[in-house]
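**Q** In case it helps, our numbering puts the sequence shown at residues 209 to 490.
All C-beta atoms in this analysis are idealised placements derived from N, C-alpha and C, irrespective of residue type, glycine included.
Bear in mind that the values here come from a model prediction, so they are computed numbers and not experimental data.
Please read through the structure below; I'll follow up with questions.
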Amino acid sequence: MTPPIVRTVAELRAHVRRWRAEGETVGFVPTMGALHEGHLSLVRLAKSRATRAVASVFVNPTQFGPNEDFEAYPRGEAQDAELLASVGCNLLYAPTVGEMYPEGFSTTVTVAGVSEPLDGAARPGHFAGVATVVSKLLLQCGPDVAVFGEKDYQQLQVIRRLTRDLDIPVEIIGGPTARADDGLALSSRNAYLTPEERQVAPEIHRTLTAAIEQLHAGRPVAEVEAGAIARLSAAGFARVDYVEVRGAGDLARLGPGPITPPARILAAAFLGKTRLIDNMAV
């Protein structure tokens with residue numbers, strides 16, 4: 209049986225209020241839909257940390273740039289609801305754009321520092337859109353815990369900073385990246401890949417794995433980064449936005465010499481028209 213679907217803040221809060229009156233706790237998993245096993249693993253994690261699980265599906269227009277894939281982004285609410293039912297999700301929140309951004313909406317949340325490098329530089333305005341919509345979703349739902357995937361590692365760090373700075377009373381949990389058997393990080397955008405591109409796509413994971421081995425062997429960060437970019441280009445990636453080693457918490461730049469842990473290596477590159485991202489702990 210698919211979970212009930214609510215489309216307004218008032219309906220969402222009514223469900224949460226009733227649960228709280230019954231002594232329940234609430235876990236929340238925000239998504240943009242087109243769900244896959246990675247999302248479902250986050251719902252399972254939320255269920256393990258709370259007695260009720262809410263998932264949201266909202267393709268947020270404010271986090272897409274003018275030449276990005278907002279219109280083409282895959283959508284399929286009925287299938288998403290069935291998948292959520294399979295992991296015991298208790299409620300699906302699927303607001304309209306008008307519900308999230310009513311006429312006259314004029315507030316933007318910006319998280320300085322951690323949002324600025326990497327995807328912040330490659331996709332101007334992206335994290336302001338993310339921070340604004342996540343702020344709204346957390347305040348609308350009021351969960352005890354909220355789960356975000358480590359695949360979007362920079363986003364996870366932005367949200368952690370956001371909730372700390374604004375005293376939003378929620379525990380942010382990072383869920384491990386779900387991968388296909390060949391190592392490719394699961395992503396809704398993988399559906400854009402041609403069969404030929406899909407064969408090449410796991411090279412981004414293999415490249416990061418090799419880079420980590422080199423870092424552990426003491427090779428300088430700058431040298432490892434340059435080698436990884438060259439490897440992706442040689443494999444057929446049309447454009448490499450970045451391969452960088454950063455501090456695991458604040459995403460501060462590391463190098464150019466050997467790493468100082470804890471660290472994270474992050475990459476973003478285009479395969480055809482599809483932008484793939486991945487990251488791993490060093």
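Taking three-plus beta-carbon pairs below 8 Å as touching, is the stretch 291–304 in contact with the stretch 270–283?
**A** Flag = no, the stretch 291–304 and the stretch 270–283 do not touch.
**Q** Give the straight-line distance between the Cα atoms of P211 and L300, rounded to the nearest whole angstrom.
**A** Position 3 of the sequence shown, counted from the first residue, corresponds to residue 211. Position 92 of the sequence shown, counted from the first residue, corresponds to residue 300. Each residue's alpha carbon lies about 6 Å from the other.
**Q** Pull up the DSSP beta-bridge partners for L300, would you.
**A** Reading the sequence shown from its first residue, position 92 is the one you call residue 300. I213 and A263.
**Q** Just to confirm, is the Cβ distance from F236 to P377 under 7 Å?
**A** Position 28 of the sequence shown, counting from 1, holds the residue named residue 236. Position 169 of the sequence shown, counting from 1, holds the residue named residue 377. No. Outside cutoff.
**Q** Grab the span of the alpha helix (DSSP H) containing T316 for me, first residue to last.
**A** The sequence position of residue 316 within the sequence shown is 108, counting from 1. Counting along the chain, T316 falls outside any alpha helix (DSSP H), and DSSP gives it neither H nor E.
**Q** Sort out for me which residues DSSP pairs T239 with in a bridge.
**A** Taking the first residue of the sequence shown as position 1, residue 239 is located at position 31. T239 is bridged to V265.
**Q** Considering only residues of the same chain and omitting the five flanking positions on each side of G391, which have a CB-CB separation below 6 Å?
**A** Counting from 1 along the sequence shown, the entry for residue 391 is found at position 183. Around G391: P410 and H413.
**Q** Let me check understanding here. Comparing Cα to Cα, which of A460, M209 and G383 lies closest to V322?
**A** Numbered from 1 along the sequence shown, position 114 holds the residue referred to as residue 322. The option with the nearest alpha carbon to V322 is A460.
**Q** Return the chain-ordered ranges of every alpha helix (DSSP H) run that is complete within the stretch 354–394 and spans a minimum of 4 residues.
**A** DSSP runs (the alpha helix (DSSP H)) wholly in the stretch 354–394: 361–373.
**Q** The beta strand (DSSP E) with T482 in it runs from where to where?
**A** Sequence index remark: in the sequence shown, residue 482 carries index 274 (1-based). T482 to A489 is the span of the beta strand (DSSP E), which, as asked, contains T482.
**Q** Using the Cβ count rule (16 or more neighbours within 10 Å means buried), how would you classify L345?
**A** On the sequence shown, residue 345 is found 137 positions in, with the first residue counted as 1. Looking at its Cβ environment, which holds 16 or more other Cβ atoms inside 10 Å, L345 is buried.
**Q** Could you round the C-beta distance between S264 and T239 to whole angstroms and report it? I think they count as a contact, below 8 Å.
**A** The sequence position of residue 264 within the sequence shown is 56, counting from 1. The sequence position of residue 239 within the sequence shown is 31, counting from 1. Indeed they touch by this definition, with Cβ atoms about 6 Å apart.
**Q** Taking the continuous beta strand (DSSP E) assigned at V251, which residues delimit it?
**A** As a first step, residue 251 must be located in the sequence shown, where it is residue number 43. Not the beta strand (DSSP E): V251 falls in the alpha helix (DSSP H), residues E245 to R257.
**Q** Here's a check: name, in chain order, each residue in its chain whose Cβ is nearer than 6 Å to the Cβ of A261, leaving out the five neighbours to either side.
**A** Position 53 of the sequence shown, counting from 1, holds the residue named residue 261. Same-chain partners within the cutoff: G235, V251, A254, K255, C297 and N298.
**Q** Identify the residues that DSSP records as bridge partners of E452: which are they?
**A** By 1-based counting over the sequence shown, the position of residue 452 is 244. L474, per the DSSP bridge assignment.
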